[in-house]
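Here's the structure, in structure tokens; my notes come after.
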Amino acid sequence: MTTRKTRGIALLVALMTGLVGLGTGYVLWGRAPNWYQVRDVFQLPATPENELIQYGWQLVTETPRLIGKSASDPKLRYAGNDLACTQCHIKAGTQAYAAPFISTFTSFPMIVNDEVLTLTERINGCMRRSMNGQPLPENGHEMNALIAYMRYVGKDSPDDVRIAGMGLMPLRPAPETPDRERGAKIFSDSCSKCHGSNGEGQQKQSPEVGFSVPPLWGSESFNSAAGMSRMTTAAAFIRAKMPYLTTDYHNPFLSDQQAWDVAAYMTSQPRPPGPPAEHR
Ligand code: HEC
Ligand code: HEC
Numbered sequence: 000m001t002t003r004k005t006r007g008i009a010l011l012v013a014l015m016t017g018l019v020g021l022g023t024g025y026v027l028w029g030r031a032p033n034w035y036q037v038r039d040v041f042q043l044p045a046t047p048e049n050e051l052i053q054y055g056w057q058l059v060t061e062t063p064r065l066i067g068k069s070a071s072d073p074k075l076r077y078a079g080n081d082l083a084c085t086q087c088h089i090k091a092g093t094q095a096y097a098a099p100f101i102s103t104f105t106s107f108p109m110i111v112n113d114e115v116l117t118l119t120e121r122i123n124g125c126m127r128r129s130m131n132g133q134p135l136p137e138n139g140h141e142m143n144a145l146i147a148y149m150r151y152v153g154k155d156s157p158d159d160v161r162i163a164g165m166g167l168m169p170l171r172p173a174p175e176t177p178d179r180e181r182g183a184k185i186f187s188d189s190c191s192k193c194h195g196s197n198g199e200g201q202q203k204q205s206p207e208v209g210f211s212v213p214p215l216w217g218s219e220s221f222n223s224a225a226g227m228s229r230m231t232t233a234a235a236f237i238r239a240k241m242p243y244l245t246t247d248y249h250n251p252f253l254s255d256q257q258a259w260d261v262a263a264y265m266t267s268q269p270r271p272p273g274p275p276a277e278h279r
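For the sequence shown, counting from 1, position 104 maps to 103 in numbering that gives the first Met the number 0; every step adds exactly one.
Below, the structure is given as structure tokens:
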């Protein structure tokens with residue numbers, strides 16, 4: 000009997016914490032502090048911790064120059080492409096529904112498929128898949144800087160709560176089966192002027208490395224194990240964020256169906272293979 004009672008109480012406490020947590024998330028959404036404000040890390044006072052945060056921000060925004068496949072320091076060429084984290088984690092991970100980093104520090108370690116996933120492992124998941132490369136050393140300067148930056152953008156955010164706007168915008172199931180042919184047409188009408196007719200993107204002018212518009216497929220893109228190579232992920236991201244600059248989640252440009260169709264087209268194109276399953 001005692002066990003049953005204890006269990007009952009534990010369940011109640013768990014429920015209540017959950018509700019309070021959700022409540023906090025919603026309350027904070029409409030009021031100060033605005034978690035999605037633009038932050039200038041270079042305004043922070045000069046301290047060793049703040050220098051680490053600044054380096055973290057640079058790694059997210061200037062990824063190709065620092066740890067890309069053409070990085071200035073050959074020892075730091077961990078990524079296998081020249082994408083930047085900020086090209087998917089828009090505005091250096093401070094944009095709602097574009098995979099922001101606000102609740103990231105507080106929500107790891109996380110249980111995924113019954114296994115504990117640490118923040119280090121999650122970052123290296125993107126290194127292996129989205130960046131088509133090698134993991135960053137666990138306690139290295141780059142890993143520490145990325146984590147310091149994520150902790151900074153999530154400063155004072157509620158513990159163990161994914162605040163509203165985390166992840167991607169929920170997308171309704173496709174009204175009709177997603178269709179690549181229709182997607183190809185949408186691509187050439189609304190995407191190719193920036194991303195190129197072969198999805199190749201636009202490279203920056205040398206000596207700069209990286210892309211002013213990232214490639215969507217082909218050898219320089221993310222690999223087939225990456226989240227963005229899945230139709231559901233791509234469709235949700237595209238609907239809330241593309242065409243770039245003129246679209247946000249309040250005001251999507253494509254209909255649900257069009258987002259699914261163009262995602263079906265994009266994800267059916269060739270890209271580098273993912274790493275072997277044991278290294279994902
Ligand atoms: C090609 C797109 C792409 C690129 C480039 C990319 N990521 Fe990601 N990343 C994603 C997607 C998609 C998710 C999952 C978003 C979701 O559904 O919640 C993700 C998730 C994450 C998460 C988990 C966030 C959380 O709170 O759940 C971290 C941390 C992360 N990425 C770090 C990085 C870092 C650091 C880089 C650069 C070295 C990077 N990513 C580059 C697409 C990308
Ligand atoms: C005005 C130019 C422009 C147009 C039009 C545009 N994009 Fe983008 N796209 C960008 C830029 C720039 C980024 C990187 C965003 C950043 O760095 O903040 C991007 C990022 C992306 C990404 C994530 C990064 C990656 O490598 O996959 C996807 C997916 C994407 N766009 C798909 C599309 C699709 C599909 C369309 C058409 C519906 C489209 N875009 C239209 C400029 C554009």
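We treat Cβ as the ideally placed atom computed from N, Cα and C, and that holds for glycine.
query = residue 211 lies in the alpha helix (DSSP H); which residues open and close that run?
reply = On the sequence shown, position 212 is the one that residue 211 refers to. Judged by DSSP secondary structure, residue 211 falls outside any alpha helix (DSSP H) and instead within the beta strand (DSSP E) spanning 210-212.
ask   = Who are the Cβ neighbours of residue 100 in its own chain at under 6 Å, not counting the five residues just before and after it?
value = Taking the sequence shown and counting its residues from 1, the one referred to as residue 100 is at position 101. Hits under 6 Å: 92, 149 and 152.
message = What does the Cβ neighbour count give for residue 41, buried or exposed, with the cut at 16 atoms within 10 Å?
response = Here residue 41 is taken as the residue at index 42 of the sequence shown, counted from 1. The residue is exposed, with fewer than 16 neighbouring Cβ atoms inside 10 Å.
key: Rounded C-alpha distance that separates residue 159 from residue 64   = Translated into positions along the sequence shown, residue 159 becomes position 160. Translated into positions along the sequence shown, residue 64 becomes position 65. Approximately 34 Å, taken between the alpha carbons.
message = Which runs of the alpha helix (DSSP H) at least 4 residues long sit entirely within the stretch 136-172? Give them in chain order.
response = 140-152
inquiry  = For residue 201 and residue 212, which I take to be in contact (beta-carbon distance under 8 Å), what is that distance rounded to the nearest angstrom?
reply    = Residue numbering aside, residue 201 sits at position 202 when the sequence shown is read from its first letter. Residue numbering aside, residue 212 sits at position 213 when the sequence shown is read from its first letter. In this structure, residue 201 and residue 212 form a Cβ contact; the two beta carbons are roughly 4 Å apart against a cut-off of 8 Å.
task = Decide if residue 111 is buried, meaning its Cβ has at least 16 other Cβ atoms within 10 Å, or exposed.
result = Indexing the sequence shown from 1 puts residue 111 at position 112. Residue 111 comes out exposed.
request  = Would you give the residue range spanned by the alpha helix (DSSP H) that residue 65 belongs to?
outcome  = Locating residue 65 in the sequence shown gives position 66, where the first residue counts as 1. Note, residue 65: alpha helix (DSSP H), 62-66.
request  = Just the C-alpha distance for residue 11 and residue 157, rounded to the nearest angstrom, thanks.
outcome  = Mapped onto the sequence shown, residue 11 falls at position 12. Mapped onto the sequence shown, residue 157 falls at position 158. Because the pLDDT of residue 11 is 40, which lies under 50, any placement of that residue in the model is unreliable, and the number read from its coordinates should be weighed accordingly. Looking at the two C-alpha atoms, the distance is approximately 20 Å.
request  = Tell me residue 268's beta-bridge partners as DSSP assigns them.
outcome  = Counted from its first residue, the sequence shown places residue 268 at position 269. BP columns for residue 268 are empty, so no partner.
request  = With hydrogens ignored, establish whether the beta-carbon of residue 265 is closer than 7 Å to any heavy atom of ligand 2.
outcome  = One-based indexing of the sequence shown puts residue 265 at position 266. Yes, since a heavy atom of ligand 2 falls inside the 7 Å radius drawn around the Cβ of residue 265.
inquiry  = Which same chain residues end up closer than 6 Å to residue 220 when comparing Cβ atoms and leaving out the 5 residues on each side of it in sequence?
reply    = Position 221 of the sequence shown, counted from the first residue, corresponds to residue 220. Contacts found: 214 and 270.
ask   = For the alpha helix (DSSP H) that contains residue 101, what are its first and last residues?
value = If you number the sequence shown from 1, residue 101 lands on position 102. Per DSSP, residue 101 belongs to no alpha helix (DSSP H) and is neither H nor E.
task = Under the assumption that residue 51 contacts residue 123 (Cβ atoms under 8 Å), give the Cβ distance between them as a whole number of angstroms.
result = Walking along the sequence shown from the start, residue 51 turns up at place 52. Walking along the sequence shown from the start, residue 123 turns up at place 124. Not quite, the Cβ-Cβ distance comes to about 18 Å (not below 8 Å), so this is no contact.
query = Within the present structure, is the beta-carbon of residue 119 separated from the nearest heavy atom of ligand 2 by less than 7 Å?
reply = Mapped onto the sequence shown, residue 119 falls at position 120. Outside the cutoff, so no.
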